[in-house]
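First the structure, in the form of structure tokens, and then the observations on it.
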Ligand code: SF4
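In structure tokens:
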């Protein structure tokens, strides 16, 4: 289809989708009261995270930080702790930075227009469009990978959806269709997301028979939906090897804070050595450092996959006679559990703690 045909198709299909959404929307916690703050928190949490996984986090976050000024004023560690396990922690830090900007510049509220939303930390085209359309009813597009997949099938378009031009075209088409008043912006944007999550799913056969767009959809008609979207193969991830040391003494364990920038910025971690060390090598290293070691226990391997890098880890639990100084501090179990945000990547090595008390 050329651009004119795509426009014509979308103009006809948009109101059908909005009607379908109003009749079929799943009841989700953030849809009950779609205030700008709740829409924003949910949209940020839902990036790269499944709906079912987000639900308890959303409830807990809203209970602890019920509005934007509360988020702006909270200690960063509290925000990261509430995010612990959700991953992509820069999302949480940017939420708080954006809340602080809103307190300083917009009287403690999120702005209602797309352009000003777009300038806030952590808010890209998609999130600005989602907040502007769902919470404020503005004719803004909210295009993510889910939406691009549905549109690639609707138009039977073989262009690689990773190309920025494809996203720009989709945003422009949707914005124009919404500006023309073809459908309520919030219902249309949520409808296309809902379609992509429930019927026009990735990595499997879509449920074309139940789809409100089946009479408009080129790939659905041709029975070729699974061929779309076309994506260029991804580059392989970089692999890093780490040896994690869980140093313990008298009911405390050693942790340090990661730098304020970069992967897992500001989160806590156990001390670690670069590379994969055997138990023998770790024992020798500890002895060379004059560490007051009681015992060393092999905790086995673990692996964690980030978007661009994989950690291949091995871990040792090292009981010490007394606290041993390094670029870490020893914290009691309760503090570690309640106050120190640890990344999911390190969960295999002690979150929650392996045992509560150790005789030394
Ligand atoms: S008809 Fe099938 S391929 Fe087309 S939008 Fe609906 S579920 Fe997706």
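Residue numbers (our numbering): -7 to 352. Cβ atoms here follow ideal geometry from the backbone N, Cα and C, with glycine treated the same way.
Should residue 204 go down as buried or exposed, given a rule of 16 or more other Cβ atoms within 10 Å for buried? Taking the first residue of the chain shown as 1, we reach residue 204 at position 212. That one is buried.
Residue range of the unbroken alpha helix (DSSP H) whose run includes residue 74: In the chain shown, counting from the first residue as 1, residue 74 sits at position 82. It spans 68 to 75 - the alpha helix (DSSP H) in which residue 74 sits, taken as one unbroken run.
If you compare alpha carbons, which of 76, 92, 85 and 36 is closest to residue 62? To locate residue 62, count along the chain shown from 1; it is residue 70. It is 92.
At a cut-off of 7 Å, is residue 10 close to the ligand SF4 when judged by its beta-carbon and the heavy atoms of the ligand? Sequence index remark: in the chain shown, residue 10 carries index 18 (1-based). For residue 10, the shortest separation between its Cβ and any heavy atom of the ligand SF4 does not lie below 7 Å.
Residues bridged to residue 322 by DSSP? In the chain shown, counting from the first residue as 1, residue 322 sits at position 330. According to DSSP, which records beta bridges pairwise, residue 322 is partnered with 246.
Best match in 219, 221, 11 and 258 for proximity to residue 176 [C-alpha to C-alpha]: Taking the first residue of the chain shown as position 1, residue 176 is located at position 184. Cα-wise, what sits closest to residue 176 is 11.
Using the C-alpha atoms, what's the distance from residue 335 back to residue 75? Residue mapping note: residue 75 aligns to position 83 of the chain shown, counting from 1. Residue mapping note: residue 335 aligns to position 343 of the chain shown, counting from 1. If you take the alpha carbons of residue 75 and residue 335, they lie about 9 Å apart.
Candidates 297, 259, 121 and -7: closest to residue 163 by CA position: As a first step, residue 163 must be located in the chain shown, where it is residue number 171. Answer by Cα proximity: 121.
Taking 6 Å as the limit between beta carbons, can you name the residues of its chain near residue 20, skipping five residues before and five after? As a working note, residue 20 is residue 28 in the chain shown. A distance below 6 Å between beta-carbons, with the five flanking residues on each side excluded, links residue 20 to no residue of its chain.
With 16 other CB atoms within 10 Å as the buried threshold, where does residue 241 fall? Your numbering for residue 241 matches position 249 in the chain shown. The residue is buried, with at least 16 neighbouring Cβ atoms inside 10 Å.
Nearest-angstrom beta carbon gap, residue 83 and residue 54 [assumed within contact, 8 Å]: On the chain shown, residue 54 is found 62 positions in, with the first residue counted as 1. On the chain shown, residue 83 is found 91 positions in, with the first residue counted as 1. So it is not a contact: roughly 16 Å between Cβ atoms.
Mind checking whether the beta-carbon of residue 3 lies closer than 7 Å to any heavy atom of the ligand SF4? Mapped onto the chain shown, residue 3 falls at position 11. No, the beta carbon of residue 3 sits no closer than 7 Å to any heavy atom of the ligand SF4.
Short Cβ contact (8 Å threshold) for residue 185 with residue 138: In the chain shown, counting from the first residue as 1, residue 185 sits at position 193. In the chain shown, counting from the first residue as 1, residue 138 sits at position 146. Their beta carbons are under 8 Å apart, which means residue 185 touches residue 138 by this criterion.
CA-to-CA distance, residue 286 to residue 233, given in whole angstroms: Position 241 of the chain shown, counting from 1, holds the residue named residue 233. Position 294 of the chain shown, counting from 1, holds the residue named residue 286. Each residue's Cα considered, the two are about 26 Å apart.
Selection from 34, 313 and 4 that minimises the alpha carbon distance to residue 180: The residue you call residue 180 lines up with position 188 of the chain shown. The candidate whose alpha carbon is nearest that of residue 180 is 4.
For residue 346, which residues from the same chain have a beta carbon less than 6 Å from its beta carbon, with the 5 sequence-adjacent residues on both sides left out? On the chain shown, residue 346 is found 354 positions in, with the first residue counted as 1. Confidence is the limiting factor: at residue 346 the pLDDT is only 47, short of 50, which leaves the residue's position unreliable, though a coordinate-based value still follows. There are no such residues.
Unbroken alpha helix (DSSP H) run spanning residue 308, endpoints: For the purposes of this step, residue 308 is taken as the residue at position 316 of the chain shown. According to the DSSP assignment, residue 308 belongs to no alpha helix (DSSP H) but to the beta strand (DSSP E) extending over 301 to 312.
Limits of the unbroken beta strand (DSSP E) element including residue 234: On the chain shown, residue 234 is found 242 positions in, with the first residue counted as 1. For residue 234, the enclosing beta strand (DSSP E) has its first and last residue at 230 to 241.
Proximity test, residue 175 beta-carbon vs the ligand SF4 heavy atom, cut-off 7 Å: For the purposes of this step, residue 175 is taken as residue 183 along the chain shown, with counting starting at 1. Flag unset: Cβ of residue 175 not near the ligand SF4.
Can you pull the DSSP bridge partners for residue 179? Looking up residue 179 in the chain shown gives position 187. Paired residue(s): none; residue 179 is not in a bridge.
Between the region 206 to 216 and the region 272 to 279, do three or more beta carbon pairs fall short of 8 Å? Output reads no: the region 272 to 279 does not touch the region 206 to 216.
According to DSSP, simplified to helix, strand and coil, what is residue 7? Walking along the chain shown from the start, residue 7 turns up at place 15. Correct three-state label for residue 7: helix.
Short Cβ contact (8 Å threshold) for residue 147 with residue 244: Working through the chain shown from its first residue, we reach residue 147 at position 155. Working through the chain shown from its first residue, we reach residue 244 at position 252. Cβ distance not < 8 Å, so residue 147 and residue 244 don't count as in contact.
Just to confirm, are residue 303 and residue 246 a CB contact at a threshold of 8 Å? Reading the chain shown from its first residue, position 311 is the one you call residue 303. Reading the chain shown from its first residue, position 254 is the one you call residue 246. No, Cβ-Cβ distance for residue 303 and residue 246 is not below 8 Å.
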